[in-house]
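Undergrad: Okay, handing you the structure first.
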Amino acid sequence: MLDPAAHSTEVAQQLLGATLHGPAGAGRIVETEAYGGSEDPASHAARGPTRRSEIMFGPPGRLYVYLIYGMHHCANVVTGPEGDGQAVLIRALEPVGDTTAMESLRPVRRRRDLTNGPGKLCAALGIDRTHNDVDLADPMSPVWVEERPEAPADEQIVTATRIGLSVAVDTPWRWYLRDSEWVSAR
DNA sequence: GTCAAGATTAGT
DNA sequence: CTAATCTTGACG
C-alpha cells in the first residue's frame, strides 16, 4: 500500500502501477525517480529549504511542481518525514481512459509522445505550478493519485540510474516497468 | 543586482 | 547536436 511517509526510494516503487489523475486526464505510472534530502546532491532539497523547494520539506503526500528550462513542468510526490525534503519525480505514464482532452491540450505526432517524459505528462494532464501543494490522496483534488489495485510482479520492475543529471549520475534511483511502451528512456 | 545552470523537449 | 525560454539560487 502507498505510504508517502516512507523513504522516496520505497515510494518510487510503490507508485509504479498507480494512476495519476490531472485536470485533463489520467495515466498509469510506469516510471519514477527518487530524490533525497540533504544526502542527495541531485535533489532540489540538497541545500536546505528555499522558496522553490520548501514544499519538499512539507508533509508527505503533497504535490511538488517546478518549472524546468523555462518551459516544462515536472510533477513530484513529496515523501518521507516532514522536514526531510524527499520527493519522487513522475517520469512517464501510460494513458488511461479517454485521451481526447489530453491530445487537444498537447497535440503529438506519435501517440507515445503524449506521456513518455516528465514534462510531456504534465503538459498532457494539464498540471502546472498552480497545483503545487495539493493533497494527492484526495480524489477531490485537481491532481491526485489512485492507488494501484495490485503491485506489479518483481521481475517487471527495472532499477536504473536517473536521467538528465550532472551529479550523482551513478545513483540507481530510477524504476520503471519492463514491458511498458511508455517509459521515457532505457 | 547579476548571471550561469537547469530532475526537458522537439527539431536539424 | 542545438535552440528554446525563464526561474532559481549563489554571490556580492
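For the first sequence, position 132 (counting from the first letter as 1) is numbered 849 according to the numbering used here, and the numbering increases by one without interruption. Every residue, glycine too, gets a C-beta built ideally from N, C-alpha and C. Note that the structure is predicted; figures quoted are calculated from it, not measured.
(1) Whole angstroms is fine: what's the gap from residue 866's alpha carbon to residue 736's?
(2) Under 7 Å Cβ to Cβ from residue 868, same chain only, skipping five residues before and after it: list those, please.
(3) Should residue 951 be labelled buried (16 or more other beta-carbon atoms within 10 Å of its own) or exposed?
(4) May I ask you to list the residues that DSSP assigns as paired with residue 807?
(5) Taking the straight line between their C-alpha atoms, what separation do you get for residue 887 and residue 831?
(6) Classify residue 734 as helix, strand or coil using the three-state DSSP reduction.
(7) Indicate the three-state DSSP secondary structure (helix, strand or coil) for residue 772 in the structure shown.
TA: Judging by the given coordinates:
(1) 10 Å
(2) 734
(3) The chain is shown only over 718 to 903; residue 951 falls outside these bounds and no answer can be derived.
(4) 749
(5) Rounded to whole angstroms, the gap between the alpha carbons of residue 887 and residue 831 is 28 Å.
(6) Assignment of residue 734 by DSSP, reduced to helix, strand and coil, places it in the coil class.
(7) helix
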